[in-house]
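Here is the structure we will look at.
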Amino acid sequence: MEASRIAQPIGIALDRFIKNNQDHFAYASGELSQLLRDIALASKVVNREMNKAGLIDIMGPMGSQNSTGEEQQKLDVLANIRFTRALKKGGEVCALISEESETFEDLNNDGGYVVAIDPLDGSSNIDVNVSVGTIFSIYRRKSQIGKPITLEDVLQKGSDQVAAGYVLYGSSTMLVYTTGHGVNGFTFEPSLGEFFLSHPDMRTPEDGKIYSINEGSSNSFDNQVTKYVAHCKEKKFTARYIGSLVADFHRNMLKGGIYIYPATAKDPNGKLRLMYECNALAFLAEQSGGKASNGKDRILDIIPTSLHQRVPFFVGSTKMVEKAENG
Ligand code: AHM
Ligand code: MG
Numbered sequence: 000m001e002a003s004r005i006a007q008p009i010g011i012a013l014d015r016f017i018k019n020n021q022d023h024f025a026y027a028s029g030e031l032s033q034l035l036r037d038i039a040l041a042s043k044v045v046n047r048e049m050n051k052a053g054l055i056d057i058m059g060p061m062g063s064q065n066s067t068g069e070e071q072q073k074l075d076v077l078a079n080i081r082f083t084r085a086l087k088k089g090g091e092v093c094a095l096i097s098e099e100s101e102t103f104e105d106l107n108n109d110g111g112y113v114v115a116i117d118p119l120d121g122s123s124n125i126d127v128n129v130s131v132g133t134i135f136s137i138y139r140r141k142s143q144i145g146k147p148i149t150l151e152d153v154l155q156k157g158s159d160q161v162a163a164g165y166v167l168y169g170s171s172t173m174l175v176y177t178t179g180h181g182v183n184g185f186t187f188e189p190s191l192g193e194f195f196l197s198h199p200d201m202r203t204p205e206d207g208k209i210y211s212i213n214e215g216s217s218n219s220f221d222n223q224v225t226k227y228v229a230h231c232k233e234k235k236f237t238a239r240y241i242g243s244l245v246a247d248f249h250r251n252m253l254k255g256g257i258y259i260y261p262a263t264a265k266d267p268n269g270k271l272r273l274m275y276e277c278n279a280l281a282f283l284a285e286q287s288g289g290k291a292s293n294g295k296d297r298i299l300d301i302i303p304t305s306l307h308q309r310v311p312f313f314v315g316s317t318k319m320v321e322k323a324e325n326g
């Protein structure tokens with residue numbers, strides 16, 4: 000379901016873009032704008048840490064302390080701390096769901112938003128200098144401001160998202176997000192410390208020729224997925240699997256393709272998490288003209304039953320996802 004799309008000139012700074020488009024938000028109080036800025040700020044800090052990743056061993060082993068006396072952390076833990084801190088200080092978020100925490104965290108009871116985040120997805124790729132990402136979903140809280148957080152606040156379905164996006168720490172760092180009016184991508188300019196609009200109104204091609212799936216598990220794919228992979232080979236599609244969801248998704252959105260993480264013997268419900276991996280990317284996929292499902296049903300319609308619930312994930316070009324769904 001696409002609403003009106005935002006049109007802005009290439010090169011506009013993220014802050015200005017957010018400000019210019021504030022009246023597109025359902026509740027244009029400025030809080031959601033501030034929240035997006037907080038996420039952008041934290042991502043710049045994480046980006047800085049990421050760029051030093053290979054140097055950490057040189058500068059001091061894990062377990063040692065840095066100059067400000069903090070323990071040196073693995074980057075996914077560190078990213079979680081950075082985002083949590085930024086959202087807590089910002090004040091707009093009442094509850095934070097994170098891949099890194101078993102239960103949700105109460106941040107500010109006066110906040111009107113709930114955030115679900117995977118602070119650093121694909122973090123096993125950092126050691127080998129491969130792109131990783133941050134994925135986030137933003138919801139309005141359902142309970143009254145100031146009252147205790149309820150399960151209804153934290154277990155909202157994907158179609159309730161008011162904004163979602165990702166940061167891709169790749170050959171350049173990009174922030175890509177939607178507020179339900181199309182998808183826009185911003186590239187980080189390190190010397191200025193600012194994101195600039197580089198990919199306005201991103202569109203997923205309706206069809207594509209790239210398929211991304213971990214074929215190492217092909218012995219345990221069900222018939223539907225086995226058949227679809229055979230179809231991709233028959234058509235001589237290109238296989239591309241980085242093993243870093245944000246990077247695979249980003250490439251497919253730009254070039255046309257499908258990403259599948261199906262149910263496998265090891266992960267009977269798939270590996271990926273509904274609340275902070277699939278919902279955000281499903282929202283972005285739909286907003287850019289693509290499609291996302293669990294192989295049968297629309298991801299955004301799934302009513303979550305737990306914070307860390309897993310789902311099989313099929314996302315990308317509409318025609319490819321439809322073909323994969325129909326076997
Ligand atoms: P993570 O959240 O533990 O980093 O796992 C998610 C990652 C995705 O980025 C990636 O697409 C997938 O796991 C790869 O899994 P596999 O190695 O099983 O193919
Ligand atoms: Mg993850």
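Reminder that position 76 of the sequence shown reads as 75 in numbering that gives the first Met the number 0, one-by-one numbering, no gaps.
Backbone N, C-alpha and C fix where the C-beta goes; we use that ideal spot for every residue, glycine too.
Cβ-Cβ distance between residue i and residue j below 8 Å
i	j	result
Ala246	Gly169	yes
Ser305	Lys265	no
Thr177	Asn46	no
Gly288	Glu324	no
Val131	Ser243	yes
Gly255	Lys208	yes
Met201	Gly184	yes
Tyr165	Ile137	no
Leu196	Gly53	no
Gly157	Asn79	no
Glu101	Ala94	no
Gly89	Asp37	yes
Phe236	Val314	no
Tyr210	Ala238	yes
Residue i CB to nearest heavy atom of ligand 2 below 7 Å
i	result
Asp126	no
Asp329	Summary: the structure shown does not reach residue 329, with the chain confined to residues 0 through 326, and so no result is reported for it.
Glu91	no
Glu98	yes
Glu188	no
Glu30	no
Glu276	yes
Check: residue i C-beta below 7 Å from any heavy atom of ligand 1
i	result
Glu101	no
Asp117	yes
Leu77	no
Leu271	yes
Asp14	no
Ser123	yes
Leu244	yes
Tyr260	yes
Ala159	Correcting the residue type first, residue 159 is Asp in the shown sequence and not Ala. Not under cutoff, so the answer is no.
Asp109	no
Asp221	no
Simplified DSSP assignment, three categories, for residue i
i	result
Ile116	strand
Thr172	strand
Phe82	helix
Ala162	strand
Thr225	helix
Ala284	helix
Lys88	helix
Ala291	strand
Ala359	Since the first residue shown for the chain is 0 and the last is 326, residue 359 is missing from the structure and cannot be characterised.
Tyr275	helix
His198	strand
Glu98	coil
Ser130	coil
Met0	Only weak support exists for where Met0 lies, its pLDDT of 44 falling under 50; the coordinates are left without a value.
Glu188	strand
Ser316	coil
Glu205	coil
Glu69	Unreliable placement is indicated for Glu69, whose pLDDT of 49 sits below 50; the coordinate value is still reported in the next sentence. Looking at Glu69 - three-state DSSP - the assignment turns out to be coil, as it is neither helix nor strand.
Val310	coil
Gly269	strand
Arg36	helix
Phe220	coil
Whole-angstrom distance between residue j and residue i, CA atom to CA atom
i	j	result
Pro147	Leu280	29 Å
Thr133	Thr225	30 Å
Ser63	Lys322	For Ser63, the predicted structure reports a pLDDT of 49, less than 50, and the residue's modelled location is therefore unreliable. A value from the coordinates is still provided. In a straight line, the C-alpha of Ser63 is about 52 Å away from that of Lys322.
Gly110	Glu91	4 Å
Asn268	Ser42	30 Å
Met274	His307	7 Å
Asp152	Ser219	36 Å
Arg84	Glu48	15 Å
Leu77	Ala115	17 Å
Lys87	Asn108	10 Å
Val44	Pro189	11 Å
Gln155	Ile241	30 Å
Lys318	Glu276	22 Å
Glu193	Gln7	17 Å
Thr149	Lys232	47 Å
Gln223	Ser316	18 Å
Leu271	Gly29	32 Å
Leu31	Ile302	24 Å
Ile17	Arg140	21 Å
Residue i Cβ short of 7 Å to ligand 4 heavy atom set
i	result
Glu214	In terms of ligand content, the structure shown lacks ligand 4 and carries ligand 1 and ligand 2 instead.
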